[in-house]
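Chemist: Below: one structure in structure tokens.
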Amino acid sequence: GQQVMQIPQYQHVQEGEDFTTYCNSSTTLSNIQWYKQRPGGHPVFLIQLVKSGEVKKQKRLTFQFGEAKKNSSLHITATQTTDVGTYFCAGRTSGTYKYIFGTGTRLKVLA
Amino acid sequence: DGGITQSPKYLFRKEGQNVTLSCEQNLNHDAMYWYRQDPGQGLRLIYYSQIVNDFQKGDIAEGYSVSREKKESFPLTVTSAQKNPTAFYLCASSIAQYERWELFFGEGSRLTVL
Chain A
113 GQQVMQIPQY
123 QHVQEGEDFT
133 TYCNSSTTLS
143 NIQWYKQRPG
153 GHPVFLIQLV
163 KSGEVKKQKR
173 LTFQFGEAKK
183 NSSLHITATQ
193 TTDVGTYFCA
203 GRTSGTYKYI
213 FGTGTRLKVL
223 A
Chain B
80 DGGITQSPKY
90 LFRKEGQNVT
100 LSCEQNLNHD
110 AMYWYRQDPG
120 QGLRLIYYSQ
130 IVNDFQKGDI
140 AEGYSVSREK
150 KESFPLTVTS
160 AQKNPTAFYL
170 CASSIAQYER
180 WELFFGEGSR
190 LTVL
């Protein structure tokens, strides 16, 4: 079945350093989404990417969707303590309502 | 205030008992989902529903059952057949059309089997 893997599983950075998490799907995706889950909380939607090679920015966050629509990345520039949490990607294949979540990357920012 | 309400927030259950988790949304969303999250792990799909009176199994449906009799409601029953039910359960909904596919999550229900 469809699988979505994320690396790294954990990342500790000093405040001000950059951070990147990578997401890889075993199948071609129709779209991919990114979510953030704060400790003890529930996932909150960040962004959706639909087009091959698409790049979107939200302030310090940059999201990319691969040309083959099987991989994606999230890059945070100059991390802040408010960026702490687990970042998940979630992919959907065409013709289905089913979203498969990646394994997540837990980010810890050291002040 | 529009949103998704899950209840109860915490639930303790003895082995061999069935338990039903409630999920209600007033967002007028067509699609609803149940995910399970284990400590330090990702979200795994249990069941999802595209419309009323229709639902499909996700990747880990064994030991669970759902119903979708109303658009607003998608309760999940954890049966005694579920081997390891202790987990954090998340319900979500989505418009699922017009390129609006983002999932809105409830605050979750934490089930502990004693």
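Chains as they are written, first to last, in our numbering: chain A, 113 to 223; chain B, 80 to 193.
We put the beta carbon where it would ideally sit given N, CA and C, even for glycine.
Bear in mind that the values here come from a model prediction, so they are computed numbers and not experimental data.
Distance cutoff 8 Å, beta carbons only. Does Gln129 of chain B sit that close to anything in chain A?
Modeler: It does; some Cβ of chain A falls within 8 Å.
Chemist: Does Lys210 of chain A get closer than 8 Å to chain B when you measure Cβ to Cβ?
Modeler: Chain B, which has a Cβ nearer than 8 Å to the Cβ of Lys210 of chain A, makes this yes.
Chemist: So, do the segment 160–172 of chain A and the segment 81–89 of chain B have three or more beta carbon pairs nearer to each other than 8 Å?
Modeler: Counting Cβ pairs under 8 Å, fewer than three are found: no touch.
Chemist: State the DSSP-derived secondary structure class of Thr217 of chain A, mapped to helix, strand or coil.
Modeler: In the structure shown, Thr217 of chain A sits in a strand (DSSP, three-state: E or B).
Chemist: Ile139 of chain B bridges to which residues according to DSSP?
Modeler: Bridge partners of Ile139 of chain B: none, in fact.
Chemist: Should Val167 of chain A be labelled buried (16 or more other beta-carbon atoms within 10 Å of its own) or exposed?
Modeler: By the 10 Å Cβ count, Val167 of chain A comes out exposed.
Chemist: By Cβ distance below 8 Å, which residues in the same chain neighbour Thr191 of chain B in space, the five residues on each side in sequence not counted?
Modeler: Here the set comprises Tyr89, Leu90, Phe91, Arg92, Thr165.
Chemist: Determine the DSSP secondary structure at Thr194 of chain A, reduced to helix, strand or coil.
Modeler: Helix, per DSSP.
Chemist: For chain B, is any of its Cβ atoms less than 8 Å away from the one on Gly128 of chain A?
Modeler: Output row for Gly128 of chain A: interface = no.
Chemist: Can you tell which of A:Gly152, A:Gln115, A:Gln170 has the C-alpha that lies nearest to the C-alpha of Gly187 of chain B?
Modeler: It is A:Gly152 whose Cα lies nearest to the Cα of Gly187 of chain B.
Chemist: Need the endpoints of the beta strand (DSSP E) that Ala166 of chain B sits in, please.
Modeler: 166–173 is the extent of the beta strand (DSSP E) around Ala166 of chain B.
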